[in-house]
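Q:
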Ligand SMILES: *Cc1c(COP(=O)(O)O)cnc(C)c1O
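Numbering (the numbering used here), first residue to last: 397 to 613.
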């Protein structure tokens, strides 16, 4: 037993009124854990490390939608370009251009989310508001080939203070509203510890690991 089925089903139920999508974050978890959840109907899985993702993708059913949610290095894009469903953490023009280049090589369109830095913590990756606007403007005037910017992604501070977390999510939602709309686009925010606040703040895609698979070592 690798999956907390009760927790999984109660999360799905909570997401339903918002029409939000669950990405099951399976990083560091074995193939068997993913298979178990797959058997329950889950198709969207999130991974953070390229090597780990590649070995899992090879071993598991082809209809899994793999989300790359970690910090992607430009020199690793080529490995996941043939199959990746959605890249969540795009935080530079350099990376976006490399994804475009590899998408063209693979003759496919790769969907991405731009990651915005919303946390007060310094360690988290992401674009600031100015950088986000620059990239959106550039892409609107001179679209990068093979790229579809589907929306935004962000991570709130790791904090016990719900008001702080909420204010960070609402800031992301405000930026999201400038360029996207919730009917057609993706706002990826919310993890095990803060997904309820994220949903209240307008998230329509949550990335949840430990509540489903148990704590990671
Ligand atoms: C690990 C991770 C998650 C899931 O974290 P949990 O707290 O286990 O739900 C979500 N998003 C990103 C970017 C992660 O790295």
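Note that the Cβ used here is the ideal one computed from N, Cα and C, for glycine as well. If you're wondering where the values come from, they're calculated on a predicted model, not measured in any experiment.
(1) So, at 6 angstroms on beta carbons, what are the nonlocal neighbours of residue 487 in its own chain, with the 5 sequence-adjacent residues on each side left out?
(2) Starting from the Cα of residue 460, find the closest Cα among 448, 466 and 439 and give me that residue.
(3) At a cut of 8 angstroms, does the stretch 535 to 544 reach the stretch 585 to 596 through at least three beta carbon pairs?
(4) Assuming residue 604 contacts residue 416 (C-beta within less than 8 angstroms), just tell me the rounded distance between them.
(5) Using the Cα positions of residue 499 and residue 489, report the straight-line distance between them to the nearest angstrom.
(6) For residue 614 and residue 545, I'd like the C-alpha separation in whole angstroms.
(7) State the DSSP-derived secondary structure class of residue 431, mapped to helix, strand or coil.
(8) Under 9 angstroms, do residue 595 and residue 411 count as touching if we go by C-beta distance?
(9) Taking 8 angstroms as the cut-off, does the stretch 459 to 476 touch the stretch 526 to 533 (at least 3 CB pairs, one atom from each stretch)?
(10) Please confirm whether any heavy atom of ligand 1 lies closer than 8 angstroms to the CB of residue 484.
(11) Cutting at 8 angstroms between CB atoms, please list the residues of its own chain near residue 567, excluding the five before and the five after it.
(12) Skipping 5 residues on each side, what residues in its chain have a beta carbon closer than 7 angstroms to that of residue 430?
(13) Under the rule that 16 or more other beta-carbon atoms within 10 Å means buried, what is residue 552, buried or exposed?
(14) DSSP three-state call for residue 461: helix, strand or coil?
(15) Using 9 angstroms as the threshold, is the C-beta distance between residue 609 and residue 473 below it?
(16) Cα separation between residue 612 and residue 589?
A: Reading off the structure:
(1) Only 511, 521, 522 and 523 meet the Cβ criterion.
(2) Cα-wise, what sits closest to residue 460 is 439.
(3) Judged by pairs of C-beta atoms under 8 angstroms, the stretch 535 to 544 does not touch the stretch 585 to 596, as fewer than three such pairs exist.
(4) With 8 angstroms as the limit, residue 604 and residue 416 do not qualify as a contact, their Cβ atoms being about 11 angstroms apart.
(5) Rounded to the nearest angstrom, the two C-alpha atoms are 15 angstroms apart.
(6) Within the shown structure, residues of the chain are numbered from 397 to 613, placing residue 614 beyond reach of any answer.
(7) Here DSSP, grouped into helix, strand and coil, assigns residue 431 to helix.
(8) Yes, these two residues count as a Cβ contact at 9 angstroms.
(9) With contact defined as three or more Cβ pairs closer than 8 angstroms, the stretch 526 to 533 and the stretch 459 to 476 are not in contact.
(10) At least one heavy atom of ligand 1 lies less than 8 angstroms from the C-beta of residue 484.
(11) Closer than 8 angstroms at Cβ, skipping near neighbours: 514.
(12) Cβ neighbours of residue 430 within its own chain (closer than 7 angstroms, five residues either side excluded): 422, 441, 452 and 456.
(13) By the 10 Å Cβ count, residue 552 comes out buried.
(14) Here residue 461 sits in strand by DSSP.
(15) At a Cβ-Cβ threshold of 9 angstroms, residue 609 and residue 473 do not count as neighbours.
(16) One C-alpha to the other measures close to 14 angstroms.
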